[in-house]
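Notes follow once the structure below has been shown.
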């Protein structure tokens, strides 16, 4: 059925369109034609107006001619009189049936229009009602969304279990816990199946799967796209047909049989595009504009905007090691890049990378960035830290991850051990997908004494997920009988007891960026800045002051940010001087970076 009943370019012609409407009025329209008509009228406002005009005109003529024919005088004893009356009755019956059909169609159209994405319906997420389901993904970006009061907000940090996401407005970016990042643009419906799989029922998504992440499968109504380390986009239109575009890497596209198994597969490479036709069950190359597809949003990779006041507060606290990552001069004798210690009598450090992967560690705008690599890469202090565990110590730093992953950030290991033989005394990690019980992508402080391998240890896990692209302030404190973990200025975990932490006078090697010297394990991907190590326990007040000095210098106030939220939950106390931060940040030591911690979502 043409959407414009009067158009001369209708391939079926105006007469065919009128015939369909006549059949509808008489109640003889086949079901298949009825569905096509309903779809056309629902999709096109102009077609609906034309339909109303035509049917009103047709109904008037049909009714007038029908009853006028009945009123004409007939000769007495006309043998056709009974037949004519029967025909008129049937016409009236058909017309009555047609009116019912017209009313039903109008009802369907109105109901269908009210169900159109973006019309009156809120965005919603319906979690699968099964006990024991694990989190599948976390919302990392959301904009333009309207939800019903009482629904769980789809905001940055919302954790999603398997379920159905009906997006009626705006866009949502989701980081699956397997390492896949997906941007969903309204109107769309996405079924989250697990941390490694989802099905796009309708709409558009862009997806990027990090190197080293688990295999991710994105399904459509009749196909499945398996990533092979890639970035790609998928659309599913109203008819159920799909279009797939590969931007980087490769994907394997499979047509699925009735049992969900592959019956035909095709590998797509960079910048190849195909259409998966549901009716013909075929995959064919097509040329489509970029505007038809969506791509994931880049995370914030800006450096930390460190103010002079923050650096002064750290120096005043007297760390013996303070790495600010201002520069990395090259040692003329060894060719290694160096790290300067800017406080106390502690050692500097060096950057160790494989010549085949020189960009695996970079000093950028006053911060160190760790990228994923196939070979070992790390920072290491020039000399072991003498007597660091003789009493109390504190390690303080800022971190920003680039994806959900399990990555070691800093460690103190026994000298002389390499590879799988590292013996850890202390370890700071971004814990994700471990064999222990905790929320996804949280800070972990592990302490083992005596130092050892994987057999034992005290664990302090953070309460909140560290979101990719957000700076997080971390402080770990070890005292002879207590371990403490602070995140964003608030105490989130502590363990106390005679056997909690042990003392010794041994030296320990300090490393950053991976699990000790192990060549392949737990490579952290992201940025670190403002590392300070103390031979004493920083007090809770000092930790809060350091955090809020940074925040206040970047425009935040005491009622903003995660510390305020933690305090409202009884997990932190706000210092009175935190409210003194002005809205205009003073000039920092970097030429670029965050102009406002609050607007940049510093956590």
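In the working numbering, the protein residues as written are 87 to 689. Ideal Cβ positions, reconstructed from N, Cα and C, are used throughout, including at glycine.
Assignment of beta strand (DSSP E) within the stretch 468 to 506, counting only whole runs of 3 or more residues, yields 479 to 487, 493 to 499 in chain order. Counting only runs of 3 or more residues that sit fully inside the stretch 222 to 296, the beta strand (DSSP E) segments are 223 to 229, 249 to 253, 257 to 262, 266 to 280, 283 to 295, in chain order. Note that the C-beta distance between residue 435 and residue 596 is below 9 Å. Residue pairing by DSSP places residue 348 opposite 342 in a beta bridge. Judged by DSSP secondary structure, residue 616 falls within the beta strand (DSSP E) whose first and last residues are 612 to 620. For residue 362, the enclosing beta strand (DSSP E) covers residues 359 to 363. Counting only residues of its own chain and dropping the five nearest sequence neighbours on each side, residue 237 has a CB closer than 8 Å to the CB of 208, 210, 211. Per DSSP, residue 604 lies in no alpha helix (DSSP H) segment and is marked neither H nor E. Distance between residue 517 and residue 481, taken at the CA atoms: about 18 Å.
For residue 401, the uninterrupted alpha helix (DSSP H) segment begins and ends at 394 to 402. Between residue 512 and residue 562, the gap from beta carbon to beta carbon is short of 9 Å.
For residue 294, same chain residues with a beta-carbon under 6 Å away, outside a window of 5 residues either side, are 267, 317, 382 in chain order. Annotated three-state conformation of residue 334 is strand, per DSSP. For the pair residue 333 and residue 418, the Cα-to-Cα distance works out to about 42 Å. With a 10 Å radius around the Cβ and a threshold of 16 neighbouring Cβ atoms, residue 232 comes out exposed. If only complete runs of 4 or more residues are kept, the stretch 521 to 550 shows no alpha helix (DSSP H) anywhere. In this structure, residue 310 places its C-beta atom within 9 Å of the C-beta atom of residue 339. Leaving aside the five residues that flank residue 279 on each side, the residues in its chain whose CB is nearer than 7 Å to its CB run, in chain order, 248, 285. Under the three-state reduction of DSSP, residue 635 is assigned to helix. Within the stretch 364 to 438, the runs of alpha helix (DSSP H) at least 4 residues long that lie entirely inside it are, in chain order, 394 to 402.
Residue 302 sits away from residue 350, with the two beta carbons spaced by 9 Å or more. The Cβ atoms of residue 630 and residue 576 sit closer than 9 Å to each other. The Cβ atoms of residue 573 and residue 549 lie closer than 9 Å to each other.
In the displayed model, residue 304 falls within a strand according to three-state DSSP. If you draw a 10 Å sphere on the C-beta of residue 515, you find 16 or more other C-beta atoms in it, and that means buried. Put simply, of 474, 368, 637, 265 the residue whose alpha carbon is nearest the alpha carbon of residue 619 is 474. Between residue 343 and residue 315, the C-beta gap is not smaller than 9 Å, which leaves the two residues out of contact. Take residue 484, set aside five residues on each side of it, and the residues of its chain with a beta-carbon closer than 6 Å to its own are 390, 557, 559, 615, 616, in chain order.
Secondary structure at residue 577: strand, using DSSP grouped into helix, strand and coil. Straight-line spacing of the CA atoms in residue 642 and residue 392 works out to 14 Å. When secondary structure is reduced to three states using DSSP, residue 123 falls in the helix class.
With a beta-carbon spacing of about 21 Å, residue 224 and residue 254 fall beyond the 8 Å limit used to define contacts. A distance below 7 Å between beta-carbons, with the five flanking residues on each side excluded, links residue 449 to the following residues of its chain, in chain order: 411, 413, 414.
Beta-carbon to beta-carbon, residue 544 and residue 520 are separated by about 15 Å, too far to satisfy the 8 Å threshold.
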